[in-house]
Amino acid sequence: AQSVTQLGSHVSVSEGALVLLRCNYSSSVPPYLFWYVQYPNQGLQLLLKYTSAATLVKGINGFEAEFKKSETSFHLTKPSAHMSDAAEYFCAVSAVGYQKVTFGIGTKLQVIP
Amino acid sequence: NAGVTQTPKFQVLKTGQSMTLQCAQDMNHNSMYWYRQDPGMGLRLIYYSASEGTTDKGEVPNGYNVSRLNKREFSLRLESAAPSQTSVYFCASSEREDGYTFGSGTRLTVV
């Protein structure tokens, strides 16, 4: 069984401030972890993924995430928020060798000018 | 490349009507999926197809059927639509653990 918990359904940051979106996972086997972004009225787009290589993963648009096995976390960060980062972000988990992905409920990021 | 194409983009149905949502991908992916997205509930898996010729139930399969027509196409059918099926439906495809490629979604309203 696998699951994902995203802490905070809404997060607000000022433009230029650090973005931190939290994700904790549960998996009975080594996980693959993903972050997706969804802009209004669009499908989800893959931001980055962890597949058991480097624990610090860099993605598109300046985002990165760090896999911490001891904390079962995969938090998403960006040093400086931009207005264009306003969107909904989904953390997701799948198990090694198992393609079905389980999604979190999402975190809506608001960027304040 | 078009990626994953879903049709239609919008649909309004009356309770009890049937319809088929179409999905096609041009990336030669083996696996395809149907999810529904509802506010506050994230994405929930309806059905998936790990490879051509196979389909399996996901988390919320009741009221739906699927057909993996060939490697490219994976359709979702609502035989008798209910208001509880009002949602945004996403099709996705993937190859191994590369992550999903999503379509742009179908907004379905059942009245």
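Protein sequences appear in the order of chains A and B.
Taken in order, the first sequence gives residues 168 to 280; the numbers are from this note's numbering.
Taken in order, the second sequence gives residues 2 to 112; the numbers are from this note's numbering.
Glycine included, C-beta positions come from ideal geometry on N, C-alpha and C.
Requested in this report: Evaluate contact between the segment 230-243 of chain A and the segment 182-197 of chain A, counting only Cβ atoms and requiring at least three cross-stretch pairs below 8 Å.
Outcome: yes
Requested in this report: Kindly identify the DSSP beta-bridge partner or partners of A/M250.
Outcome: What you label residue 250 of chain A is simply residue 83 of the first sequence in a count that begins at 1. DSSP lists no partner for A/M250.
Query - Residues near B/Q23 by beta carbon distance below 6 Å, same chain, minus five either side - result: Here the question's residue 23 of chain B lines up with position 22 in the second sequence. Answer for B/Q23: T8, S76, listed in chain order.
Query - Under the three-state DSSP convention, the category A/I279 falls into - result: Locating residue 279 of chain A in the first sequence gives position 112, where the first residue counts as 1. A/I279: strand per DSSP, three-state reduction.
Requested in this report: For B/D57, write down the residues that DSSP places opposite it in a beta bridge.
Outcome: In the second sequence, residue 57 of chain B corresponds to position 56, counting from 1. In DSSP, B/D57 forms a bridge with B/Y49.
Query - Residue span of the beta strand (DSSP E) that contains B/D39, given as start and end - result: Here residue 39 of chain B refers to the residue found at position 38 of the second sequence. Unbroken beta strand (DSSP E) run through B/D39: 32-39.
Query - N- and C-terminal bounds of the beta strand (DSSP E) containing B/Q18 - result: Walking along the second sequence from the start, residue 18 of chain B turns up at place 17. Segment: none, B/Q18 is in no beta strand (DSSP E) and carries neither H nor E.
Query raised in the report: For the beta strand (DSSP E) that B/Y101 lies in, which residues bound it at each end?
Result: For the purposes of this step, residue 101 of chain B is identified with residue 100 of the second sequence, where counting begins at 1. It is not in any beta strand (DSSP E) - B/Y101 carries neither H nor E in the DSSP assignment.
Query raised in the report: When the cut-off is 8 Å and only beta carbons count, does B/S94 lie next to chain C?
Result: Here the protein chains are A and B, and chain C is not one of them.
Query raised in the report: Are the beta-carbon atoms of B/A82 and B/G17 separated by less than 8 Å?
Result: Counting from 1 along the second sequence, the entry for residue 82 of chain B is found at position 81. Counting from 1 along the second sequence, the entry for residue 17 of chain B is found at position 16. Contact: yes.
Requested in this report: Find out if the Cβ-Cβ distance for the pair B/G59, B/Q86 is shorter than 8 Å.
Outcome: Residue mapping note: residue 59 of chain B aligns to position 58 of the second sequence, counting from 1. Residue mapping note: residue 86 of chain B aligns to position 85 of the second sequence, counting from 1. In this structure, B/Q86 does not lie closer than 8 Å to B/G59 by Cβ.
Query raised in the report: Do three or more CB pairs link the segment 194-212 of chain A to the segment 173-185 of chain A at distances below 8 Å?
Result: no
Report task. Could you tell me if B/E80 is buried or exposed, where buried requires 16 or more neighbouring beta carbons within 10 angstroms of its beta carbon? Result -> By 1-based counting over the second sequence, the position of residue 80 of chain B is 79. Flag for B/E80 reads exposed.
Query raised in the report: Quick one: does A/G271 have its CB under 8 Å from some CB of chain B?
Result: Residue mapping note: residue 271 of chain A aligns to position 104 of the first sequence, counting from 1. Chain B contact via Cβ: present.
**Report entry** Proximal chain A residues relative to B/F91, where beta-carbon distance stays under 8 Å
**Finding:** Position 90 of the second sequence, counting from 1, holds the residue named residue 91 of chain B. Chain A residues near B/F91: G210, L211.
Requested in this report: Report yes or no: is there a C-beta of chain A within less than 8 Å of the C-beta of B/E98?
Outcome: Sequence index remark: in the second sequence, residue 98 of chain B carries index 97 (1-based). It does: the Cβ of B/E98 has a partner Cβ on chain A nearer than 8 Å.
Report task. Compare the C-beta of B/L46 with all C-beta atoms of chain A and state if any pair is closer than 8 Å. Result -> Taking the second sequence and counting its residues from 1, the one referred to as residue 46 of chain B is at position 45. Answer yes: the Cβ-Cβ gap between B/L46 and chain A drops below 8 Å somewhere.
Query raised in the report: Which residues in the same chain as A/L174 place their Cβ atom closer than 6 Å to its Cβ, once the five residues preceding and following it in sequence are excluded?
Result: Taking the first residue of the first sequence as 1, we reach residue 174 of chain A at position 7. If we look at A/L174 and ignore the five residues flanking it on each side, its Cβ neighbours are R189.
Requested in this report: Could you please give the first and the last residue of the uninterrupted beta strand (DSSP E) stretch that includes B/P9?
Outcome: Numbered from its first residue, the second sequence carries residue 9 of chain B at position 8. No beta strand (DSSP E) holds B/P9; DSSP gives it neither H nor E.
**Report entry** CB contact flag (B/N66, B/A51, <8 Å)
**Finding:** Position 65 of the second sequence, counting from 1, holds the residue named residue 66 of chain B. Position 50 of the second sequence, counting from 1, holds the residue named residue 51 of chain B. No, these two residues do not count as a Cβ contact at 8 Å.
Query raised in the report: Alpha carbon to alpha carbon, how far is B/L44 from B/F103?
Result: Mapped onto the second sequence, residue 44 of chain B falls at position 43. Mapped onto the second sequence, residue 103 of chain B falls at position 102. If you take the alpha carbons of B/L44 and B/F103, they lie about 12 Å apart.
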